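Residue numbers (the working numbering): 213 to 369. Presented below is the structure to which this report refers.
This is the structure we're talking about:
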């Protein structure tokens with residue numbers, strides 16, 4: 213990947229917005245890359261594409277990626293959710309989208325890979341901080357004690 217080409221694509225995505233959904237879908241699929249520089253470029257690209265669209269437009273693809281068999285895709289998709297939750301306000305995150313995403317993130321707390329579990333706790337903690345504990349209590353209330361400790365800890369980061 214050449215950084216100049218990615219920069220030009222990022223500018224085109226943020227300016228036009230017509231291909232933002234397709235860009236996000238392809239970036240989510242490419243998260244299986246093991247090279248840190250490639251993952252960083254993909255994260256920058258997907259974040260730029262999200263400036264041109266809403267989470268509701270891509271939520272079903274995000275949920276598919278959260279259920280992917282590759283742990284790297286699950287982890288980076290969860291990190292993407294954390295970034296989106298962190299830079300959004302409560303009114304920008306529709307409750308219907310959060311009702312679809314939160315169970316998928318909650319299921320990742322039981323994942324066999326440690327970084328995926330930690331990323332899921334971070335995402336749920338960030339969502340709790342943005343949306344509020346009242347809304348998130350139905351997803352966090354029935355967790356066991358160890359998992360419950362991770363989610364509020366993630367909120368403080």
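We put the CB at the ideal spot given by N, CA and C, even for glycine. Predicted model, so just to flag it, every value in this text is computed and none were measured.
{"Query": "What does a CB cutoff of less than 7 Å around residue 306 pick up in its chain, not counting 5 residues either side in sequence?", "Result": "268"}
{"Query": "When burial is assigned at 16 or more other CB atoms within 10 Å of the CB, is residue 236 buried or exposed?", "Result": "buried"}
{"Query": "If you follow the alpha helix (DSSP H) that residue 315 is in, where does it begin and where does it stop?", "Result": "307-320"}
{"Query": "Can you tell me the Cβ-Cβ gap for residue 297 and residue 338, rounded? I've got them flagged as a contact below 8 Å.", "Result": "4 Å"}
{"Query": "What would DSSP say about residue 298, mapped onto helix, strand or coil?", "Result": "helix"}
{"Query": "In angstroms, rounded to a whole number, what distance separates the CA positions of residue 240 and residue 277?", "Result": "7 Å"}
{"Query": "Residue 284: which of 357, 244, 334 sits nearest, CA to CA?", "Result": "244"}
{"Query": "Could you give the residue range of the alpha helix (DSSP H) that holds residue 277?", "Result": "267-278"}
{"Query": "Out of curiosity, what's the CA-to-CA distance linking residue 295 and residue 355?", "Result": "23 Å"}
{"Query": "Below 8 Å on the Cβ atoms is my contact criterion, and I expect residue 352 with residue 336 to pass it. Report the Cβ-Cβ distance as a whole number of Å.", "Result": "7 Å"}
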